[in-house]
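One structure below.
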Amino acid sequence: MAKKATEKSPIRAAITGVHGYVPPDVLTNADLARMVDTSDEWIVARTGIKERHILKGRGLGSSHMAAEAVRGLLHKTGAAPREVDLLICATATPDLVFPATATLVGDMTDIRGVGCFDVQAACSGFIHALAVAAQFIETGKYRKIVVVGADKTSSLIDYTDRATCVLFGDGAGAVLLEPSRTHGIIDTLIRADGAGMPYLHLKAGGSRLPSTAETVAKGLHYVHQDGAKVFKFAVARMTEVTRELMRRNRLTGDMVDWLVPHQANLRIIEATAKRIKLPAERAMVTIHKYGNTTTATIPLCLWDYEKKLKAGDRLILVAFGGGFAWGGAYLTWAYDGR
Ligand code: UT7
């Protein structure tokens, strides 16, 4: 349990609510086996994924799912849109190149006249956004911040490429951060190494190689990944970050109640948990039903496990992805599951 709070305890950013959204359409492994040369056995054995949700509907982007998650979050926590001081959206699949998806989500949820911006750090975007948001709470500048991770990664996937199309799903998850002297984010760590770009990226559609008929014909708008290489780095860096957060905060494996890992591959999650000597059942897992939802994996885990969480539980959040960019956060949970 955390130490008793006093007036001298530091102000921390506590997660005081979480809500998620996944679109209704489900793409199962059996569906994929009818589309490409794959099988349910291969996908389950190599990734742990059984199904994923796909956002369908003309004109619907990541903002649609983010807005659903944020609306639910505000309803659930009783926070009025006008009380929100800042809205940060982590996404790798913004609706538009500009303006920021956060501004669209603000408009859709009636959060107006306050800062709304996006954070782009691929799969670790939610951790980066959380690290940024926590600063505004810790300094006393803001009292209510919404951080939402939302990705329609299906919009970047080549559904004839079996190496990538089985991995990703769409979804969004949002948290409310408020000041607390008892619980909250105690430590964060964010890292990047741009030398990792060749192994996980999208070749066209940015300023370097704008979209043309040729880039579309060549399939340069789809996710390119060297899976084996990314896998190796993901296990190494997620373990490293978790260990560093544990060392800096004098935590042993038995003191960590929950590991909340990015959901890219069940084997990555299990390998990370094993290396920090955490029993597998204390690592949150949702990959079987959502797949890799990019920035949404961590808030969707918190949403799914919310009922099991208790005030004072120690959580380590950790993610790795394109960039390479990765990071982690150590926090104590602020409320009993509801
Ligand atoms: O969230 C962002 C970060 N991303 C990640 O962390 C993803 C990290 N990487 C991974 O999760 C894994 O590398 C994958 C799941 C992507 C691939 O698993 P793997 O065990 O590394 O497989 P592989 O790429 O080494 O491929 C092994 C074999 C190959 O066949 P050959 O060359 O041995 O004949 C692939 O062609 O599996 C084949 N394969 C498939 N077979 C059936 C690749 N994808 C499939 C598939 N179904 N869907």
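Numbering (the numbering used here), first residue to last: 1407 to 1744.
By construction, the Cβ of each residue, glycine as well, lies at the ideal position given by its N, Cα and C atoms.
Beta-carbon spacing of residue i, residue j below 8 Å
{"i": "residue 1515", "j": "residue 1473", "result": "yes"}
{"i": "residue 1521", "j": "residue 1492", "result": "yes"}
{"i": "residue 1665", "j": "residue 1684", "result": "yes"}
{"i": "residue 1719", "j": "residue 1660", "result": "no"}
{"i": "residue 1678", "j": "residue 1667", "result": "yes"}
{"i": "residue 1636", "j": "residue 1606", "result": "yes"}
{"i": "residue 1496", "j": "residue 1532", "result": "yes"}
{"i": "residue 1444", "j": "residue 1572", "result": "yes"}
{"i": "residue 1593", "j": "residue 1653", "result": "no"}
Residue i versus residue j - alpha carbon distance
{"i": "residue 1712", "j": "residue 1508", "result": "25 Å"}
{"i": "residue 1441", "j": "residue 1565", "result": "7 Å"}
{"i": "residue 1432", "j": "residue 1416", "result": "44 Å"}
{"i": "residue 1616", "j": "residue 1502", "result": "14 Å"}
{"i": "residue 1689", "j": "residue 1618", "result": "43 Å"}
{"i": "residue 1669", "j": "residue 1703", "result": "6 Å"}
{"i": "residue 1530", "j": "residue 1640", "result": "11 Å"}
{"i": "residue 1494", "j": "residue 1734", "result": "18 Å"}
{"i": "residue 1562", "j": "residue 1482", "result": "32 Å"}
{"i": "residue 1638", "j": "residue 1671", "result": "12 Å"}
{"i": "residue 1730", "j": "residue 1601", "result": "7 Å"}
{"i": "residue 1649", "j": "residue 1597", "result": "14 Å"}
{"i": "residue 1628", "j": "residue 1569", "result": "12 Å"}
{"i": "residue 1623", "j": "residue 1513", "result": "35 Å"}
{"i": "residue 1466", "j": "residue 1656", "result": "45 Å"}
{"i": "residue 1411", "j": "residue 1710", "result": "29 Å"}
{"i": "residue 1599", "j": "residue 1528", "result": "13 Å"}
{"i": "residue 1523", "j": "residue 1426", "result": "20 Å"}
{"i": "residue 1408", "j": "residue 1588", "result": "Any reading at residue 1408 must be qualified, since the residue scores a pLDDT of 49, below 50, and its modelled position is unreliable; the value itself is stated next. Approximately 7 Å, taken between the alpha carbons."}
{"i": "residue 1413", "j": "residue 1544", "result": "14 Å"}
{"i": "residue 1613", "j": "residue 1687", "result": "44 Å"}
{"i": "residue 1691", "j": "residue 1682", "result": "17 Å"}
{"i": "residue 1505", "j": "residue 1449", "result": "37 Å"}
{"i": "residue 1721", "j": "residue 1519", "result": "33 Å"}
{"i": "residue 1542", "j": "residue 1534", "result": "13 Å"}
{"i": "residue 1437", "j": "residue 1546", "result": "50 Å"}
{"i": "residue 1632", "j": "residue 1680", "result": "24 Å"}
Candidates the options, of which the one nearest residue i by Cα
{"i": "residue 1475", "options": "1579, 1461 and 1511", "result": "1579"}
{"i": "residue 1434", "options": "1715, 1704, 1638 and 1696", "result": "1696"}
{"i": "residue 1707", "options": "1718, 1411 and 1424", "result": "1424"}
{"i": "residue 1577", "options": "1678, 1700, 1537 and 1632", "result": "1700"}
{"i": "residue 1716", "options": "1590, 1612, 1677 and 1622", "result": "1590"}
{"i": "residue 1456", "options": "1608, 1446 and 1464", "result": "1446"}
{"i": "residue 1673", "options": "1452, 1512, 1572 and 1439", "result": "1452"}
{"i": "residue 1525", "options": "1542, 1554, 1545 and 1517", "result": "1554"}
{"i": "residue 1575", "options": "1443, 1546, 1693 and 1487", "result": "1693"}
{"i": "residue 1490", "options": "1680, 1477 and 1496", "result": "1477"}
{"i": "residue 1439", "options": "1567, 1599, 1681 and 1488", "result": "1567"}
{"i": "residue 1517", "options": "1510, 1487 and 1534", "result": "1487"}
{"i": "residue 1705", "options": "1468, 1511 and 1536", "result": "1536"}
{"i": "residue 1429", "options": "1449, 1654 and 1469", "result": "1469"}
{"i": "residue 1714", "options": "1541, 1698, 1743 and 1721", "result": "1743"}
{"i": "residue 1621", "options": "1630, 1632 and 1609", "result": "1609"}
{"i": "residue 1675", "options": "1454, 1449 and 1448", "result": "1454"}
{"i": "residue 1732", "options": "1464, 1546 and 1603", "result": "1603"}
{"i": "residue 1626", "options": "1546, 1505 and 1611", "result": "1611"}
{"i": "residue 1511", "options": "1471, 1680, 1698 and 1542", "result": "1471"}
Run of the beta strand (DSSP E) containing residue i, from where it starts to where it stops
{"i": "residue 1584", "result": "1576-1586"}
{"i": "residue 1496", "result": "1492-1496"}
{"i": "residue 1558", "result": "1551-1558"}
{"i": "residue 1529", "result": "Note, residue 1529: premise wrong, no beta strand (DSSP E); not H, not E."}
{"i": "residue 1650", "result": "From DSSP, residue 1650 is part of no beta strand (DSSP E) but of the alpha helix (DSSP H) over 1633-1654."}
{"i": "residue 1438", "result": "Element bounds for residue 1438: not the beta strand (DSSP E) but the alpha helix (DSSP H), 1435-1441."}
{"i": "residue 1596", "result": "1590-1598"}
{"i": "residue 1447", "result": "First-last for residue 1447: 1446-1453, but that is the alpha helix (DSSP H), not the beta strand (DSSP E)."}
{"i": "residue 1459", "result": "1457-1459"}
Residue i: first and last residue of the uninterrupted alpha helix (DSSP H) it sits in
{"i": "residue 1418", "result": "Careful: residue 1418 lies outside any alpha helix (DSSP H), inside the beta strand (DSSP E) at 1418-1427."}
{"i": "residue 1476", "result": "1468-1483"}
{"i": "residue 1511", "result": "1507-1515"}
{"i": "residue 1706", "result": "1703-1711"}
{"i": "residue 1568", "result": "1568-1571"}
{"i": "residue 1675", "result": "1672-1681"}
{"i": "residue 1621", "result": "1619-1623"}
{"i": "residue 1694", "result": "1693-1696"}
Contact test: residue i Cβ vs ligand 2 heavy atom, cutoff 7 Å
{"i": "residue 1448", "result": "Here the bound small molecules are ligand 1; ligand 2 is not part of this structure."}
*asked:* Is it the case that the region 1725-1744 contacts the region 1409-1424, given that we only count it when at least three CB pairs across the two stretches are under 8 Å?
replied: yes
*Any 3 or more C-beta pairs closer than 8 Å across the region 1558-1572 and the region 1453-1473*: yes
*Would you call the region 1629-1647 and the region 1722-1733 touching, i.e. three or more CB-CB distances under 8 Å?*
yes
*Okay, do the region 1572-1587 and the region 1533-1550 touch, 3+ Cβ pairs below 8 Å being the bar?*
Enough Cβ pairs lie closer than 8 Å, so yes.
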